[in-house]
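Novice: Before anything else, here's the structure in question.
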Amino acid sequence: MVAAAVIPCGWVAEMRKPLVHPNLLDKAIAYVSPKIAAERLGARTALALAGGYTGARIDRAQLSRYMPMAGSANADTIRDLPMLRARSRDQMRNAPVAIGALNTKVSHVVGTGLALTPALEADFLGMSTEEADAWATSTKRDFETWANSLDCDLARKLNFYGIQSLAYRSTLESGDHFIVTPRVQRETGGPKLALQMIEADRVCNPNRSGDNPGCVDGIKISPETGESLAVHIAKIHPGEVLGQTNEWTEVAMRGTTGRRNVLHLLQMLRPGQVRGVPMIAPILEPLRQLAAWTENELNAAVVSSLFAVFVKMDPDAFQDIFDEGAQKAIVEHSSGWSGEMESGKAVNLLPGESVETTTPGRPNPEFDPFWSAIVRQIGMALDLPYEVLTMHFQSSYSAARAALLMAWKSFRSSRDWMATYLCQPVYELWLADEVAEGRISAPGFFVSPALRAAWCAAVWTGDGPGSIDPAKEVDAAQKRVDLGISTKEAESILHDGVGWRAKHVQRVKEVEAEKRDGIYYPPMNRAPAPPADGSSDVVVPPTK
303 MVAAAVIPCG WVAEMRKPLV HPNLLDKAIA YVSPKIAAER LGARTALALA
353 GGYTGARIDR AQLSRYMPMA GSANADTIRD LPMLRARSRD QMRNAPVAIG
403 ALNTKVSHVV GTGLALTPAL EADFLGMSTE EADAWATSTK RDFETWANSL
453 DCDLARKLNF YGIQSLAYRS TLESGDHFIV TPRVQRETGG PKLALQMIEA
503 DRVCNPNRSG DNPGCVDGIK ISPETGESLA VHIAKIHPGE VLGQTNEWTE
553 VAMRGTTGRR NVLHLLQMLR PGQVRGVPMI APILEPLRQL AAWTENELNA
603 AVVSSLFAVF VKMDPDAFQD IFDEGAQKAI VEHSSGWSGE MESGKAVNLL
653 PGESVETTTP GRPNPEFDPF WSAIVRQIGM ALDLPYEVLT MHFQSSYSAA
703 RAALLMAWKS FRSSRDWMAT YLCQPVYELW LADEVAEGRI SAPGFFVSPA
753 LRAAWCAAVW TGDGPGSIDP AKEVDAAQKR VDLGISTKEA ESILHDGVGW
803 RAKHVQRVKE VEAEKRDGIY YPPMNRAPAP PADGSSDVVV PPTK
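Numbering-wise, our numbering puts 418 at position 116 of the sequence shown, and it's gapless, one number per residue.
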């Protein structure tokens, strides 16, 4: 049975308007021959309905009730967000496929955390390579000291890498996430950056008032440019049950100097979008149905595996053997059985009762193929290949490797998003505070945006993807580079997400140190480049 579509009144009125209006010729023909005029008008209407896309037709039975609204990015999402968040979190708590997808994304995109490698533009800043290396090493050490400390969290519960993981998880689960960036005075040292995690629900309109052009779902925006100007943060989560009176604080997105006071993490899907949508919002219905079906199949399989004995009593013997008191006791005891099955249990039936059973056919042989088909569609929506989503690699090496490569394209895209909208802004805020407090020297940092960008340039690297067959993959990478169809930079990024240049700089340092200490051995099967002075750098291993 197909449910009737709910069509807005305005659309009904619009649909009732004729698609084609009679012109002067139609009116003239109608005056002479109304029948011919009606046929002519019908033909013109048919031509008007025959557009280029059949998906826009309304004269077909399959599409006649398919009337979605063409709303704005906010009109299509804001009203549904509370329910979408609640259902998304429920699935993340209770549905294996949903929580598996979330954990897979977080563990591969963030993993142990995205680490900083300063990449300041030494030439533009007028620094030598040695000076740039020394500055980068010192700055990285100071940043890691802050990042590994719980002081980077305003609540002192997570370090920066834990904040990355929670922020990404919360963004996927709730649709968006907010991070407030105050400067706080700790027990030692001057004011330092601290990060405060704000869940999506806490950013809402004060006193739950309605939206208006200047404030949409807790975010104050500029009607002219669409820029987010401030956020209204509730002191208490709206879902808290303590019964406290809530209060809202307005926090500007940027300070008077342009400092970013609030970081808003969301995946933009449409222009003008103010709030984000949970990752599993488009597939909540199939996820819920799949979980319910799985539970029913599991219950049916459990019931069919039980072994119970039913004792049927002869009605005539019941009347002859037991007196009235005993009969009443037996009837009361047997009537108390709820129907719940328990393995190894003997169940007394009432006189005249019998157990009629049907063949349960469990485990259902069709369960796994259908479940896999639905999960494949869910994986498509989540940008996760089926093998990666289910963590089940049963196909060939080539198919498994292709699935991992497809997944890592998605992971790297998300990792770049994390680095761009969370890690890099946090690093720039931290570095600005350190320079302002005189703890780090960066001449011209506050003078020119170009100089500031040069000082703040950085590379963020995460855990590598691993490999199925390292020997084959390294050999293939080397051959691609030797053939000139790839580069060391491309292969390095494909391997673990780190560019070749960063590795090359470190490798040069390692080789020079090995040469200095007399333990350098050239790579096997590859002739080393001769030194510039013509001397030999090859160290012959000492013989015993």
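By construction, the Cβ of each residue, glycine as well, lies at the ideal position given by its N, Cα and C atoms.
Where does Ser-674 sit, in a helix, a strand or coil, going by DSSP?
Specialist: Working through the sequence shown from its first residue, we reach residue 674 at position 372. DSSP places Ser-674 in helix when its eight states are reduced to three.
Novice: If you draw a straight line from the C-alpha of Pro-573 to the C-alpha of Gly-477, how long is it?
Specialist: If you number the sequence shown from 1, residue 573 lands on position 271. If you number the sequence shown from 1, residue 477 lands on position 175. Approximately 16 Å, taken between the alpha carbons.
Novice: In this structure, does DSSP put Cys-506 in helix, strand or coil?
Specialist: Along the sequence shown, one-based indexing puts residue 506 at 204. Looking at Cys-506 - three-state DSSP - the assignment turns out to be coil, as it is neither helix nor strand.
Novice: In three-state terms, what does DSSP make of Met-720?
Specialist: Mapped onto the sequence shown, residue 720 falls at position 418. Here Met-720 sits in helix by DSSP.
Novice: Whole angstroms is fine: what's the gap from Glu-599's alpha carbon to Asn-405's?
Specialist: On the sequence shown, position 297 is the one that residue 599 refers to. On the sequence shown, position 103 is the one that residue 405 refers to. Going by the C-alpha atoms only, they are around 25 Å apart.
Novice: Per DSSP, which one or two residues make a beta bridge with Trp-448?
Specialist: Taking the first residue of the sequence shown as position 1, residue 448 is located at position 146. According to the DSSP secondary-structure assignment, Trp-448 is paired through a beta bridge with no residue.
Novice: With C-beta atoms as the reference, is Ala-496 less than 8 Å away from Val-486?
Specialist: Taking the sequence shown and counting its residues from 1, one reaches residue 496 at position 194. Taking the sequence shown and counting its residues from 1, one reaches residue 486 at position 184. Going by C-beta atoms, Ala-496 is nearer than 8 Å to Val-486.
Novice: Pick out whichever of Lys-781, Glu-739, Arg-561, Ser-794 has its Cα sitting closest to the Cα of Gly-491.
Specialist: The sequence position of residue 491 within the sequence shown is 189, counting from 1. Selected option, being the one with the closest Cα: Glu-739.
Novice: Whose C-beta lies closer than 8 Å to the C-beta of Gly-357 among residues of the same chain, with five residues either side of it excluded?
Specialist: By 1-based counting over the sequence shown, the position of residue 357 is 55. Closer than 8 Å at the Cβ level, and outside the excluded window around Gly-357, lie Leu-365.
Novice: Can you tell me which of the three DSSP states Glu-552 falls into?
Specialist: Taking the first residue of the sequence shown as position 1, residue 552 is located at position 250. Reduced to three states, the DSSP call for Glu-552 is strand.
Novice: Span of the beta strand (DSSP E) holding Leu-531?
Specialist: One-based indexing of the sequence shown puts residue 531 at position 229. Following the DSSP letters along the chain, one finds Leu-531 inside the beta strand (DSSP E) bounded by residues 530-536.
Novice: Contact check, Ile-770 vs Ala-702 under 8 Å by CB: the rounded distance?
Specialist: Numbered from 1 along the sequence shown, position 468 holds the residue referred to as residue 770. Numbered from 1 along the sequence shown, position 400 holds the residue referred to as residue 702. Under the criterion of beta carbons closer than 8 Å, Ile-770 and Ala-702 qualify as touching, at roughly 6 Å.
Novice: Over what stretch of residues does the alpha helix (DSSP H) that includes Thr-473 continue unbroken?
Specialist: Residue 473 sits at position 171 when you count from the first residue of the sequence shown. Unbroken alpha helix (DSSP H) run through Thr-473: 462-476.
Novice: For Asp-670, count neighbouring C-beta atoms within 10 Å of its own C-beta (all shown protein chains included) and say buried if the count is 16 or more, exposed if not.
Specialist: Taking the first residue of the sequence shown as 1, we reach residue 670 at position 368. Exposed, by the Cβ-count rule.
Novice: For the alpha helix (DSSP H) containing Ala-243, name the first residue and the last one.
Specialist: Because the chain in this structure spans residues 303 to 846, residue 243 falls outside the shown range and cannot be described.
Novice: Ala-424: which of Lys-817, Ala-755, His-806 sits nearest, CA to CA?
Specialist: Within the sequence shown, the letter at position 122 stands for residue 424. The candidate whose alpha carbon is nearest that of Ala-424 is Ala-755.
Novice: Looking at the secondary structure, which residues open and close the alpha helix (DSSP H) in which Lys-811 lies?
Specialist: For the purposes of this step, residue 811 is identified with residue 509 of the sequence shown, where counting begins at 1. Run containing Lys-811: 802-818, per the alpha helix (DSSP H) assignment.
Novice: How many angstroms separate the CA atom of Pro-584 from the CA atom of Ala-602?
Specialist: Taking the first residue of the sequence shown as 1, we reach residue 584 at position 282. Taking the first residue of the sequence shown as 1, we reach residue 602 at position 300. Approximately 29 Å between the Cα atoms of the pair.
Novice: Can you give the beta carbon distance from Leu-686 to Ala-434, rounded, assuming they're within the 8 Å contact cut?
Specialist: For this step, residue 686 is matched to residue 384 along the sequence shown. For this step, residue 434 is matched to residue 132 along the sequence shown. For a cut-off of 8 Å, the C-beta gap from Leu-686 to Ala-434 is around 40 Å, too long to register as a contact.
Novice: Quick check on DSSP: helix, strand or coil for Ile-582?
Specialist: For this step, residue 582 is matched to residue 280 along the sequence shown. Note: Ile-582 maps to coil in three-state DSSP.
Novice: Would you check if there are 3 or more beta carbon pairs closer than 8 Å linking the segment 719-737 to the segment 460-472?
Specialist: yes
Novice: Put Ile-847 into one of helix, strand or coil per three-state DSSP.
Specialist: Here the chain comprises residues numbered 303 to 846, so residue 847 is not present and cannot be evaluated.
Novice: Could you pull the start and end residues of the beta strand (DSSP E) that Ile-500 belongs to?
Specialist: Within the sequence shown, numbered from 1, the residue matching residue 500 stands at position 198. Where Ile-500 is concerned, the enclosing beta strand (DSSP E) stretches over 498-500.
Novice: Excluding the 5 residues flanking Ser-524 on each side, which residues of the same chain have their C-beta closer than 7 Å to its C-beta?
Specialist: Position 222 of the sequence shown, counting from 1, holds the residue named residue 524. Excluding residues within five positions, the ones whose Cβ falls inside 7 Å are Leu-531.
Novice: Kindly indicate which residue of Arg-389, Thr-419, Gly-681 has the alpha-carbon position closest to the one of Glu-807.
Specialist: Along the sequence shown, read from residue 1 onward, the residue named residue 807 stands at position 505. Reading the sequence as shown, one finds Val at residue 807 and not Glu. It is Thr-419 whose Cα lies nearest to the Cα of Val-807.
Novice: Judging by CA-CA distance, which residue of Leu-691, Gly-541, Asp-784 is the nearest neighbour of Val-408?
Specialist: Numbered from 1 along the sequence shown, position 106 holds the residue referred to as residue 408. If we check each option's Cα against that of Val-408, Leu-691 comes out closest.
Novice: Does Thr-414 pass the burial test, meaning 16 or more other C-beta atoms within 10 Å, or should it be called exposed?
Specialist: As a first step, residue 414 is located in the sequence shown; it is residue number 112 there, counting from the start. Looking at its Cβ environment, which holds fewer than 16 other Cβ atoms inside 10 Å, Thr-414 is exposed.
Novice: For the beta strand (DSSP E) containing Lys-522, list its first residue and its last residue.
Specialist: The sequence position of residue 522 within the sequence shown is 220, counting from 1. First-last of the beta strand (DSSP E) with Lys-522: 521-523.
Novice: How is the beta strand (DSSP E) around Ala-760 delimited, first residue to last?
Specialist: The residue given as residue 760 occupies position 458 in the sequence shown. Element bounds for Ala-760: 760-763.
Novice: So if DSSP puts Thr-419 in a beta bridge, which residue, or which two residues, is it bridged to?
Specialist: Counting from 1 along the sequence shown, the entry for residue 419 is found at position 117. DSSP output for Thr-419 lists Val-761 as bridge partner(s).
Novice: If we call anything under 8 Å between Cβ atoms a contact, is Ala-417 one with Thr-789?
Specialist: Position 115 of the sequence shown holds residue 417. Position 487 of the sequence shown holds residue 789. No, the pair does not count as a contact, with Cβ atoms beyond the cut-off.
Novice: So, helix, strand or coil for Ile-481, using DSSP?
Specialist: Position 179 of the sequence shown, counting from 1, holds the residue named residue 481. It is a strand residue.
Novice: Across which residues does DSSP place Arg-562 in a beta bridge pair?
Specialist: Along the sequence shown, one-based indexing puts residue 562 at 260. According to DSSP, which records beta bridges pairwise, Arg-562 is partnered with Arg-556.
Novice: Anyone know if the C-beta pair for Ala-502 and Arg-387 falls short of 8 Å?
Specialist: As a working note, residue 502 is residue 200 in the sequence shown. As a working note, residue 387 is residue 85 in the sequence shown. Against a cut-off of 8 Å, the Cβ pair of Arg-387 and Ala-502 comes out as a contact.
Novice: How far does the alpha helix (DSSP H) with Tyr-688 in it extend, from its first residue to its last?
Specialist: For this step, residue 688 is matched to residue 386 along the sequence shown. Counting along the chain, the alpha helix (DSSP H) containing Tyr-688 begins and ends at 688-692.
Novice: If the criterion is Cβ atoms closer than 8 Å, does the pair Leu-343 and Asp-361 meet it?
Specialist: By 1-based counting over the sequence shown, the position of residue 343 is 41. By 1-based counting over the sequence shown, the position of residue 361 is 59. Their beta carbons are not under 8 Å apart, which means Leu-343 does not touch Asp-361 by this criterion.
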